[in-house]
Amino acid sequence: MLGVTLYSADGCHLCELAKAILDDLAVTYTVIDIALDDELVERFGVRIPVLVKDSSDNDLGWPFDAAAVTLFLE
Numbered sequence: 001m002l003g004v005t006l007y008s009a010d011g012c013h014l015c016e017l018a019k020a021i022l023d024d025l026a027v028t029y030t031v032i033d034i035a036l037d038d039e040l041v042e043r044f045g046v047r048i049p050v051l052v053k054d055s056s057d058n059d060l061g062w063p064f065d066a067a068a069v070t071l072f073l074e
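This is the structure:
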């Protein structure tokens, strides 16, 4: 099964919207709080929430909707 990581930050309302989209689609995902890692803040800070397919360099930054997530995960 494809692994998906959601790069997020505590208190980010857009990240909560992204989680709701993933939950509605029944996508299993891991959440990583970028605030705990300076490299992740530099990489994703202005783009969160960001979805990354595990074992891939592909990512999907906000804004996205259910259709975009479905397409991204295909």
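Just so we're aligned, residue 1 is where the sequence shown starts under UniProt numbering, counting upward by one.
For every residue, glycine included, the Cβ atom is placed at its ideal position computed from N, Cα and C.
Note that the structure is a prediction, hence the values are computed from the model and not measured.
Spatial distance of residue i from residue j (CA atoms)
i          : j          : result
residue 20 : residue 45 : 20 Å
residue 52 : residue 7  : 8 Å
residue 33 : residue 67 : 25 Å
Minimum C-alpha distance to residue i - residue among the options
i          : options        : result
residue 26 : 4, 15, 13, 32  : 4
residue 11 : 57, 49, 72, 38 : 49
residue 70 : 40, 7, 28      : 28
residue 55 : 43, 17, 24, 73 : 73
Three-way DSSP call (helix, strand, coil) for residue i in this model
i          : result
residue 30 : strand
residue 59 : strand
Local Cβ density within 10 Å of residue i, reported as buried at 16 or more and exposed below that
i          : result
residue 9  : buried
residue 63 : exposed
residue 14 : exposed
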